[in-house]
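Trainee:
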Amino acid sequence: LETHQRRERQVTLENADSDIGFCGWLLVGLSLLLVLFTLPLSIWMCIKIVKEYERAIIFRLGRILRGGAKGPGLFFIVPCTDSFINVDMRTITFDIPPQEVLTKDSVTVSVDGVVYYRVQNATLAVANITNADAATRLLAQTTLRNVLGTKNLAEILSDREEIAHSMQSSLDDATDDWGIKVERVEIKDVKLPLQLQRAMAAEAEASREARAKVIAAEGEMNASRALKEASLVIAESPSALQLRYLQTLNTIAAEKNSTIIFPLPLEMMQGFIKH
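Its first residue numbered 1, the sequence shown is counted upward by one per residue in UniProt numbering.
#1: Does the Cβ of Trp-178 have 16 or more other Cβ atoms within 10 Å, making it buried, or fewer, making it exposed?
#2: Measuring straight from C-alpha to C-alpha, what distance separates Asp-221 and Arg-211?
#3: May I ask you to report which of helix, strand or coil DSSP gives residue 348?
#4: Which word fits Asp-17, buried or exposed, when buried means at least 16 other C-beta atoms lie within 10 angstroms of its C-beta?
#5: Hey, could you find the ends of the beta strand (DSSP E) Thr-108 is sitting in?
#6: CB Arg-63 to CB Ile-129, shorter than 8 Å?
#7: Note down, one range per segment and in chain order, each alpha helix (DSSP H) of at least 4 residues found wholly within the UniProt domain "Band 7" (45-204).
#8: Touch check for the stretch 63-75 and the stretch 116-127: three-plus C-beta pairs under 8 Å?
#9: If I follow the unbroken alpha helix (DSSP H) through Ser-31, where does it start and stop?
#10: Looking only at its chain, what residues have a beta carbon closer than 7 Å to the beta carbon of Val-126, apart from the 5 residues adjacent to it on each side?
#11: When the Cα atoms are used, what is the spatial distance from Ser-110 to Glu-209?
#12: For Leu-232, is the beta carbon positioned less than 7 Å from some heavy atom of the ligand MN?
#13: Cβ atoms of Leu-27 and Leu-61: under 8 Å apart, would you say?
#14: DSSP state of Leu-249, grouped into three classes?
#15: Using the Cβ count rule (16 or more neighbours within 10 Å means buried), how would you classify Thr-91?
#16: As a quick exercise: from Ser-169, Ala-140, Val-185, Arg-137, pick the residue whose alpha carbon is nearest that of Arg-160.
#17: In whole angstroms, what separates the C-alpha of Val-147 from that of Ile-77?
#18: If you run the structure through DSSP and keep just helix, strand and coil, what is Leu-243?
#19: Nearest CA to the CA of Ala-140: which residue from Leu-157, Val-115, Lys-151, Ala-132?
#20: Given Pro-97, which residues of its chain have a CB within under 8 Å of its CB, disregarding the five upstream and five downstream residues?
#21: If you draw a straight line from the C-alpha of Ala-226 to the C-alpha of Val-214, how long is it?
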């Protein structure tokens, strides 16, 4: 229903010059006669040029000329009765100023962004709003605050793409009546208060230390189990203990060549243990 009403308004605007009345047509005729009498000098006042990326909205006695926007290229106007406004159809980019936003979990953050939009319908952009660019900028600021106010801090930091898509949909729906198409919205930066940054850094550091202690404890537990299994294997074979003793001596001799080691057989130690 809204789309149908929007199309009806657009058609009404584009066909508005059919109701200029008898006096209006009389003035137009007098202007044409004046152009004919002042040829060829007046031809330069009648011919206008719009660039490839522009469209011209012509007003005849205050009403939009039939056919809507003109261009690109040459078009003719009638002096004294016609005026026109050029509309840039290129994509326009503007930065959303940093907005102080209170999140859902009562944290104050400063968020800024960027918006890309273009004029989709030049007739609506001229006839339905005074300044489409300024209105879109103000609406983007308000929409940013409204959307972020429903999110907590964790969602703002992690779901930027979803927030940008939600803003783009809201802005596109709101500016449709102005002939504006919002193509893209991006969240640039989220600035946290300094005290909150310190608190989050301390929390992250404590979490990392806790994980490190857990990992070290698990390593000690696994090492103790391995040592227990090794002791059981050595207890079953006395020669294995002697080989381990010789391996230890080899390791010590490789590390410190100046150390003198006197091997002592384990059987002698067993005799002392018995006494």
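Where is the CB? At the ideal position from N, CA and C, for every residue including glycine.
Since the model is a prediction, treat every value here as computed from it, not as a measurement.
Mentor: Checking against the coordinates, here is how it stands:
#1: buried
#2: The displayed chain sequence assigns Met, not Asp, to residue 221. Their backbone Cα atoms lie some 15 Å apart in a straight line.
#3: Here the chain covers residues 1 to 275 and nothing more, so residue 348 does not appear.
#4: With a pLDDT of 49 at Asp-17, under the threshold of 50, the predicted position of this residue should be treated as unreliable, though the coordinate-derived value follows. Asp-17 should be labelled buried.
#5: 108-119
#6: no
#7: 122-127, 132-148, 153-158, 160-174
#8: yes
#9: 21-37
#10: Ile-57, Ile-85, Val-87
#11: 30 Å
#12: You won't find the ligand MN in this model; it holds no ligand whatsoever.
#13: yes
#14: helix
#15: exposed
#16: Val-185
#17: 46 Å
#18: helix
#19: Val-115
#20: Asp-112, Gln-141
#21: 19 Å
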